[in-house]
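Number of protein chains: 2
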Amino acid sequence: MKENVDIIVKGEYILTMTDAEEPVTNGAVAIKDSRIVEVGREDAIVNKYEGQRVLGGKGYAVIPGFVNTHTHAAMVYFRGLADDLPLKDWLEGHIWPAEQKYLGNEFVYDATELACFEMIRAGITLFNDMYFFEDASAKAIKKAGMRAVLGTGILDFPTVAASTTSEYFEKAEDFIKRYSEDELIVPAIAPHAPYTCSPETYKRAMELAEKYNVTVHTHLSETQWEVEEITKRYGNTPVKHLDSHGLLDSRVLAAHCVWPTEEEIDILAQRGVSISHCLESNLKLSSGIAPVTKMLQKAVRVTFGTDGAASNNDLDIMSEMSTAAKLHKAVSGDPTVLSAREALLMATKWGAQALGLGDKVGSIEAGKLADLVLINLKNPHLTPLYDIYSHIVYSAKSSDVETVIVNGKVVLNGGDAVNLDMEEIFYKANQWSLKIRKR
Amino acid sequence: MKENVDIIVKGEYILTMTDAEEPVTNGAVAIKDSRIVEVGREDAIVNKYEGQRVLGGKGYAVIPGFVNTHTHAAMVYFRGLADDLPLKDWLEGHIWPAEQKYLGNEFVYDATELACFEMIRAGITLFNDMYFFEDASAKAIKKAGMRAVLGTGILDFPTVAASTTSEYFEKAEDFIKRYSEDELIVPAIAPHAPYTCSPETYKRAMELAEKYNVTVHTHLSETQWEVEEITKRYGNTPVKHLDSHGLLDSRVLAAHCVWPTEEEIDILAQRGVSISHCLESNLKLSSGIAPVTKMLQKAVRVTFGTDGAASNNDLDIMSEMSTAAKLHKAVSGDPTVLSAREALLMATKWGAQALGLGDKVGSIEAGKLADLVLINLKNPHLTPLYDIYSHIVYSAKSSDVETVIVNGKVVLNGGDAVNLDMEEIFYKANQWSLKIRKR
């Protein structure tokens with residue numbers, strides 16, 4: 001008598017991203033409720049389990065869902081609004097004014113639905129968001145059926161989201177309390193950056209993080225301007241500055257880290273800080289190229305983030321992974337660095353670990369939550385096939401993602417985000433853009 | 440009474456890539472036989488012409504077909520065969536031995552069909568190929584309905600393609616003669632590189648090019664190894680070396696040019712040499728990053744090439760364009776360089792000009808051959824839309840290409856390469872890969 005499960009996912013290649021480097025060929029994954037029950041050879045799995053639904057098969061690769069460790073999801077509504085500008089002008093001249101005018105629960109809900117649609121299509125199952133009105137984000141993300149870590153942004157100046165630092169903290173703490181037991185939403189705290197938050201503000205964020213056992217999500221050492229500014233204000237470069245106040249530990253996920261010194265890379269390694277490498281945003285805004293190879297050599301956990309779509313201009317981790325795996329070979333002068341498998345680890349398992357969810361998601365193994373992606377290999381750009389890791393990293397595109405499962409539920413089915421009203425999302429985005437364009 | 444045309448292509452945005460920067464909104468293109476009859480507002484076009492077939496409409500962008508100015512199409516069969524290696528090891532340890540063993544008419548025909556399938560899917564209408572057995576390539580390309588410039592490779596050492604330099608030239612000249620009047624195939628001559636061809640061989644190639652009025656396609660200054668080797672052999676860096684023998688003029692399309700000195704950039708500009716910037720290949724093989732911003736500033740015509748799929752690992756000009764438009768902002772430290780529109784010019788019109796076909800294709804205007812692409816804008820990653828150039832360059836993916844027209848004929852229709860047997864292509868690729876894997 002076979003055991004009933006909800007879904008059996010079959011793959012010609014299953015990349016579990018566990019310590020086993022060899023892919024499981026002609027494999028299958030049995031999923032019941034939200035969890036992976038067993039992973040193994042297809043014949044063994046189908047002999048043991050009866051799946052209510054059977055997906056994939058020959059011509060499919062099954063991989064853990066991609067993890068986007070730094071984004072501002074709702075900023076999709078500013079995609080392409082202002083390009084080919086330096087970060088500071090782009091932010092202060094265009095993005096912040098538009099945010100001041102339009103940000104609110106309705107904007108964030110509508111925009112986050114679009115962002116979820118885009119990310120699900122790109123095989124992202126988990127993302128780390130820093131923004132405001134995160135209640136509205138949470139509502140949209142839960143509707144889409146995605147998993148996310150949401151950090152309410154903290155600033156030392158007033159915005160439409162809050163008037164004082166304390167008000168930001170009150171909202172953040174309230175959010176953390178209300179979402180502490182959620183199945184899909186994991187709360188976090190997000191002090192914006194060393195140039196917008198005082199050391200006292202960071203300290204308060206760290207205390208809150210410790211009290212509620214959540215991660216701290218911040219921008220760090222993104223531009224040369226920031227390095228100069230922080231040095232001028234505090235006498236230390238950004239990483240040393242935070243470290244000198246005891247503000248770096250393994251709870252911290254630092255986005256960008258484009259300009260750490262050698263000494264600062266050592267500090268990041270010692271403190272167990274995780275990095276979200278936002279390559280395409282850093283390139284497009286001319287912020288620079290993070291020393292990823294050096295950070296990896298010193299065992300700093302580097303993961304991939306898209307940043308907001310306003311600076312990138314998409315939410316596509318496969319594209320970040322592919323560009324990074326190629327670029328750092330040229331930058332380091334060594335074509336053997338950042339192998340295809342390491343790049344895929346950064347985009348999946350290490351991302352989950354950086355968000356404090358390494359025991360729950362990030363790899364395909366029995367007992368973990370079922371967040372996984374089926375990639376259709378029957379595409380000319382994936383033909384022929386000698387090495388599946390190489391294909392996923394160097395040749396596959398997000399459009400090859402056919403099915404996405406989050407928490408044991410199918411959320412993307414052949415291009416359709418099954419929980420979302422796609423026509424309504426397009427309609428709302430267009431309506432909002434007409435207003436934003438007129439700003 | 441309306442005038443009959445074969446196809447009317449409608450677009451919410453038509454990017455003609457002529458001197459008019461503003462896109463034609465709610466526009467249409469009338470096509471008869473192989474040519475564009477008229478471009479204008481949709482209402483004017485549909486009042487004047489009756490189209491046998493009407494494509495596109497609201498939610499579509501219409502752009503000239505992408506031009507891939509440097510590839511070795513048949514190398515798709517080696518895609519992902521050997522990764523994460525330096526160029527020299529990769530070439531001499533893996534690619535050349537595999538080529539020696541398998542290259543021939545059947546291999547090149549079968550592999551080129553796959554390459555055409557991949558390129559048509561990615562919106563490429565014209566490519567510049569350097570390889571051997573170009574008769575077989577031509578046959579496959581004509582079947583697919585694409586346009587290509589084919590240069591028979593010339594080397595100063597024997598391979599499976601020819602035994603002596605003279606034999607290479609005989610084959611090349613024979614090919615040029617036979618294809619001089621072809622509708623889709625434009626012959627060229629392709630001396631491989633300064634480290635594999637003597638100045639005498641280049642001279643002979645230039646004479647042949649002049650005799651038959653064809654372009655000269657070569658690799659140039661790709662790696663630091665090449666710069667050292669050529670300096671050792673000839674006492675000059677690669678560009679100066681060729682120039683010192685009078686071998687550079689506006690017929691020459693030089694692929695890579697990663698390591699030109701300032702002086703050499705001036706030489707390239709003075710001689711009117713066009714460059715094929717193969718960014719992803721240069722990154723992945725750790726060859727370096729070409730000084731594209733400087734070349735553009737000095738009015739060198741820079742275009743995009745994918746290189747072969749064995750080193751990239753795909754044939755996707757949209758991806759090259761997007762990566763380059765972002766990367767050179769970071770490398771130059773100036774986020775205003777390589778604007779979206781300039782990047783799109785490099786990928787279309789300038790590519791056609793570099794191949795000597797600027798009067799025939801590369802832009803959408805009356806009288807030109809109808810090589811164009813419809814991009815479906817109804818995608819989450821292209822929503823909302825403020826600036827069409829930004830979207831095409833920074834956000835669109837090759838999977839957004841829905842329809843491709845070459846020489847007035849539809850060659851891609853919603854993902855189907857209409858002239859190709861796609862199942863047969865997958866089957867053959869798999870069969871060949873089983874042999875190649877065993878090498």
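Keeping their order, the protein sequence lines are chains F and V.
At position 193 of the first sequence the residue is numbered 193 (this note's numbering), and the sequence of numbers has no breaks.
Numbers in this note's numbering are just positions in the second sequence, counted from 1, shifted up by 439.
Heads up, the beta-carbon is just placed ideally off N, CA and C, and yes, glycines get one too.
Once you ignore the five residues that flank residue i on each side, which residues in its own chain have a CB closer than 7 angstroms to its CB?
i        : result
V/Glu703 : Thr676, Val678, Lys679
F/Leu190 : This sequence places Ala at residue 190 of chain F; Leu is not what is there. Met130, Gly151, Thr152, Gly153, Ile154, His217, Thr218, listed in sequence order.
V/Ile453 : Pro462, Val463, Gly466, Val468, Val478, Val501, Ile803
F/Lys428 : Asp110
F/Gly443 : Here chain F covers residues 1 to 439 and nothing more, so residue 443 of chain F does not appear.
For residue i, count neighbouring C-beta atoms within 10 Å of its own C-beta (all shown protein chains included) and say buried if the count is 16 or more, exposed if not.
i        : result
F/Met1   : exposed
F/Phe157 : exposed
F/Trp259 : buried
V/Leu873 : exposed
V/Gln792 : buried
F/Glu42  : buried
F/Glu170 : exposed
F/Arg147 : buried
V/Tyr541 : buried
V/Trp789 : buried
F/Tyr394 : buried
V/Glu841 : buried
F/Gly414 : exposed
V/Arg518 : buried
V/Asp826 : buried
V/Arg643 : buried
F/Gly104 : exposed
V/Ala738 : exposed
What's the C-alpha gap between residue i and residue j?
i        : j        : result
F/Ala61  : F/Asp421 : 28 angstroms
F/Phe107 : F/Ala74  : 8 angstroms
V/Asn507 : V/Ser576 : 16 angstroms
V/Gln663 : V/Lys671 : 12 angstroms
V/Lys768 : V/Gln870 : 43 angstroms
V/Val448 : V/Val485 : 10 angstroms
F/Thr164 : F/Glu99  : 17 angstroms
V/Glu612 : V/Leu647 : 7 angstroms
F/Lys211 : F/Ala325 : 38 angstroms
V/Glu451 : V/Glu460 : 15 angstroms
V/Arg876 : V/Leu766 : 35 angstroms
F/Ala188 : V/Val731 : 42 angstroms
F/Trp96  : V/Leu816 : 27 angstroms
F/Gly235 : V/Leu824 : 43 angstroms
Going by beta carbon distance, what residues of the same chain come within less than 6 angstroms of residue i, once the five residues before and after it are set aside?
i        : result
F/Met318 : Ser398
F/Trp90  : Ala82
F/Asn4   : Glu50
V/Ala561 : Asp755, Ser837
V/Ala729 : Cys696, Val697, His716
F/Phe66  : Gly123, Ile124, Ile317, Ala347
V/Glu862 : none
Just to make sure I have the definition right: I need the residues of chain C whose C-beta is within less than 7 angstroms of the C-beta of residue i. Which are they?
i        : result
F/Thr323 : No chain C appears in this structure, whose protein chains are F and V.
May I ask you to list the residues that DSSP assigns as paired with residue i?
i        : result
F/Pro187 : F/Leu150
V/Glu442 : V/Tyr488
F/Gly11  : F/Gly27, F/Gly57
F/Leu126 : F/Val67, F/Arg147
F/Lys378 : The partner list for F/Lys378 (beta bridge, DSSP) is empty, contrary to what the question assumes.
F/Thr403 : F/Leu374, F/Asn413
V/His716 : V/Phe743
F/Leu369 : F/Arg35
Leaving out five residues on either side along the sequence, give the residues of the same chain with a beta carbon under 8 angstroms from the beta carbon of residue i.
i        : result
V/Glu759 : His716, Cys717, Leu718, Glu719, Phe743, Gly744, Thr745, Ala786
V/Asn829 : Strictly speaking, residue 829 of chain V in this sequence is Ser, with Asn absent from that position. Result list for V/Ser829: Ala779, in chain order.
F/Leu345 : Met17
Would you check whether the ligand COA has a heavy atom nearer than 7 angstroms to the C-beta of residue i?
i        : result
V/Leu783 : This structure does not include the ligand COA; it has no bound ligands of any sort.
Sequence ranges, alpha helix (DSSP H) only - wholly within the stretch 721-764 of chain V, length at least 4: You should have 731-736.
4-residue-minimum alpha helix (DSSP H) runs that sit fully inside the stretch 131-177 of chain F, ordered along the chain: Counting only runs of 4 or more, we get 134-144.
In chain order, each alpha helix (DSSP H) run of at least 4 residues that lies wholly inside the stretch 459-506 of chain V: Counting only runs of 4 or more, we get 481-487.
Whole runs of the alpha helix (DSSP H) within the stretch 212-270 of chain F, excluding any shorter than 4 residues: As summarised for the stretch 212-270 of chain F, the continuous alpha helix (DSSP H) elements at least 4 residues long and confined to that stretch are 224-234, 238-244, given in chain order.
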